[in-house]
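Here it is, written out as structure tokens:
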């Protein structure tokens with residue numbers, strides 16, 4: 001069957017595979033200085049954020065991405081007080097982080113202010129954390145911003161787009177080295193590192209460059225399923241000089257926190273770092 | 001963008017979301033007494049098998065499904081000798097099972113002989129196990145076939161389609177009870193139980209009815225990502241009177257077997273049974 005453009009939003013990844021959602025209304029369509037931003041109202045996935053034609057998040061499945069980029073690292077950091085999020089202008093990562101009272105400051109560095117304002121308006125629940133008094137939003141280039149810090153952040157989360165156009169720099173060694181330098185001695189960084197199944201080259205690029213910046217054995221990829229992303233199987237990478245997310249995996253997660261989550265728990269923490277053989281073999285080629 | 005039918009095969013799940021693959025050629029298109037069978041040649045996912053408009057398998061991602069429906073149970077059965085596969089006419093499950101020398105007989109009960117012959121021709125690697133001398137292929141209705149057995153099989157794997165049309169019976173309590181009765185006292189059965197994210201009702205139906213048939217605490221759902229299926233996040237359920245796939249999870253997997261696999265390993269075994277909170281909560285509603 002063919003899908004009409006007036007009823008379906010389709011992202012065709014590399015013109016090879018495609019994921020589509022039927023929408024009822026387009027709520028937002030503007031071009032910022034950085035990208036085209038579209039927001040659709042859909043019945044199956046709730047509201048859908050699209051940047052330059054690519055799915056960024058949906059009401060339906062964003063919790064997998066946002067919980068899995070934020071909570072594994074928070075669970076193993078001994079005393080996290082200062083966090084920085086690069087990208088992630090939708091506020092979803094920040095909303096997860098402000099669930100931790102021990103965080104004293106959360107900085108969001110999103111280059112495009114229009115993403116932030118559109119998401120505040122159309123994704124009020126996802127962006128709710130941006131209103132927390134500990135949060136500061138900065139609209140700067142993330143790579144330039146982080147370069148000024150040394151031993152500053154206990155946690156840096158890089159919620160980037162794919163390595164195309166302006167996002168490319170966020171997958172390169174100098175940026176990864178700057179992130180490493182910005183971390184406290186006990187700190188950790190987490191990066192979205194693409195799909196090891198549908199984006200083998202991107203995954204290899206990210207894990208290879210992270211290993212060059214952080215050192216062998218200090219990059220721990222882990223997985224979750226994000227249905228609206230190409231391939232569904234998505235990777236994140238936990239990087240730290242001192243912390244080990246597997247050896248230091250939590251036995252339990254605070255019950256009050258669990259009540260506010262939909263995906264992450266202690267078993268998922270361990271399970272996410274269990275890598276399929278084909279991913280282990282890919283990583284062997286990356287490093 | 002809209003996708004032309006002459007270049008793309010699209011499965012629109014409930015006319016709400018869709019997954020599409022661009023194809024270069026249609027290799028096969030026949031209607032059997034049971035269903036329409038199509039096979040496409042594609043660049044991104046290799047050959048693709050479609051039954052009644054639904055993705056069944058692709059060269060690219062079938063290993064996830066076939067390894068994960070077969071190996072977790074084989075790893076915890078103490079002395080499996082006789083196995084039965086219901087559905088699975090592509091031969092993929094059988095091809096995984098014949099990797100175990102200790103299996104003395106593997107019966108495939110697939111209702112539609114045209115699926116088997118088409119897959120033997122167009123998916124020679126996936127269906128290779130069908131040529132093993134221990135394998136017998138029977139073209140009968142799986143629900144009728146299994147009803148004649150008592151304490152016969154150490155392992156039953158139900159590789160069914162969705163619970164629509166003729167496949168509905170394979171999600172009902174009488175069938176599940178017949179599977180239970182057909183198992184040896186130490187045996188186990190594994191069922192594909194749909195997507196807990198995009199097919200909540202189907203997942204609840206399957207897990208609820210399995211629990212009615214096998215008893216509370218004897219149904220253990222587990223997860224893997226199958227990109228060509230709606231939602232990507234897919235569930236299987238392990239059911240057994242005596243065996244516990246979590247408590248009895250293997251510490252290691254035979255090296256010779258691992259060399260022939262692309263997904264499953266001991267860490268994945270444990271990780272797959274780690275369920276996200278939303279799945280745990282769904283199961284709580286099912287039983």
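Residue numbers (this note's numbering), protein chains in the order written: chain A, 1 to 287; chain B, 1 to 287.
All C-beta atoms, glycine included, are put in the ideal place defined by N, C-alpha and C.
In this text, all values refer to a predicted model and were calculated from it rather than measured experimentally.
field: Contact set between residue 268 of chain A and chain B, taken where Cβ atoms lie within less than 9 Å
entry: 271, 274, 275, 276, 277
task: Following the continuous alpha helix (DSSP H) through residue 188 of chain B, name the residue where it begins and the one where it ends.
output: Per DSSP, residue 188 of chain B belongs to no alpha helix (DSSP H); it is in the beta strand (DSSP E), 183 to 192.
message: Suppose contacts are defined by Cβ-Cβ distances below 8 Å. Is residue 243 of chain A in contact with residue 77 of chain A by that definition?
response: yes
- prompt: So with Cβ pairs under 8 Å, would you call residue 237 of chain A a contact of chain B?
  reply: no
message: Would you say residue 76 of chain A lies against chain B (beta-carbon separation less than 8 Å)?
response: no
task: Select from B:168, B:45, B:72, B:50 the residue whose C-alpha is nearest the C-alpha of residue 37 of chain B.
output: B:50
- prompt: Can residue 159 of chain A and residue 32 of chain A be called in contact, C-beta distance under 8 Å?
  reply: no
message: Between the region 176 to 184 of chain B and the region 256 to 263 of chain B, can you find at least three pairs of beta-carbon atoms closer than 8 Å?
response: no
- request: Taking residue 30 of chain A as part of the beta strand (DSSP E), name the residues at either end of that continuous run.
  value: 17 to 31 is the span of the beta strand (DSSP E), which, as asked, contains residue 30 of chain A.
field: residue 2 of chain A in three-state terms, based on DSSP
entry: coil
query: Would a C-beta distance cut-off of 8 Å place residue 69 of chain B and residue 156 of chain B closer than the cut-off?
result: no
- request: Verify whether the separation of the beta carbon atoms of residue 73 of chain B and residue 169 of chain B is less than 8 Å.
  value: Contact flag unset, no.
message: Among B:265, B:248, B:249, whose alpha-carbon lies nearest the alpha-carbon of residue 256 of chain B?
response: B:265
Start-to-end residues for the beta strand (DSSP E) that takes in residue 9 of chain A: 8 to 13
query: Is residue 58 of chain A helix, strand or coil when you go by DSSP?
result: strand
message: With a threshold of 7 Å on Cβ separation, who are the neighbours of residue 53 of chain A within its own chain once the five nearest residues in sequence on each side are excluded?
response: 11
message: On the criterion of 16 or more Cβ atoms from any shown chain inside 10 Å, does residue 174 of chain A qualify as buried, or is it exposed?
response: Residue 174 of chain A comes out exposed.
- prompt: What in chain B is Cβ-close to residue 95 of chain A, meaning under 8 Å?
  reply: Result: empty, since nearest Cβ-Cβ is about 16 Å, beyond 8 Å.
message: To the nearest angstrom, how far is the alpha carbon of residue 252 of chain B from that of residue 271 of chain A?
response: 16 Å
Residue closest to residue 195 of chain A, alpha-carbon to alpha-carbon, out of A:234, A:285, A:208: A:234
Sub-8 Å separation of residue 227 of chain B and residue 199 of chain B beta-carbons: The Cβ atoms of residue 227 of chain B and residue 199 of chain B do not sit closer than 8 Å to each other.
- request: Look at the Cβ atom of residue 225 of chain A, then the Cβ atom of residue 207 of chain A, and state whether they are nearer than 8 Å.
  value: no
Beta-bridge partners of residue 41 of chain B, as assigned by DSSP: B:25, B:47
query: Under a CB-based cut-off of 8 Å, is residue 45 of chain A close to chain B?
result: yes
field: Cβ separation of residue 19 of chain A and residue 19 of chain B, assumed to be a contact under 8 Å, to the nearest whole Å
entry: 6 Å
- prompt: Among residues of its own chain, excluding the 5 on either side of residue 88 of chain B, which ones have a beta-carbon nearer than 8 Å to its beta-carbon?
  reply: 94, 108, 110, 157, 159
- request: Compare the C-beta of residue 300 of chain B against all C-beta atoms of chain A and say whether one is closer than 8 Å.
  value: A question about residue 300 of chain B goes unanswered here, because the residues of chain B that appear run from 1 up to 287.
- prompt: Within the 8 Å Cβ cut-off, does residue 227 of chain A reach chain B?
  reply: yes
message: Counting C-beta neighbours from all protein chains within 10 Å, is the total for residue 201 of chain A 16 or more, i.e. buried, or is it exposed?
response: exposed
query: Any idea what DSSP makes of residue 97 of chain B, helix, strand or coil?
result: helix
- request: Give the residues from the region 171 to 198 of chain A that approach chain B closer than 8 Å (Cβ to any Cβ), ordered along the chain.
  value: 197, 198
- request: Entirely within the region 185 to 267 of chain A and at least 4 residues each: give me those alpha helix (DSSP H) ranges in chain order.
  value: 200 to 214, 255 to 258
message: Determine, for residue 27 of chain B, whether the minimum Cβ-Cβ distance to residues of chain A falls below 8 Å.
response: no
message: Do residue 21 of chain A and residue 45 of chain A have their beta-carbon atoms positioned less than 8 Å apart in this structure?
response: yes
- request: Starting from residue 12 of chain B, find everything on chain A with Cβ-Cβ shorter than 9 Å and list it in chain order.
  value: 1, 3, 8, 20, 22
field: C-alpha distance - residue 41 of chain B paired with residue 61 of chain B, whole-angstrom precision
entry: 14 Å
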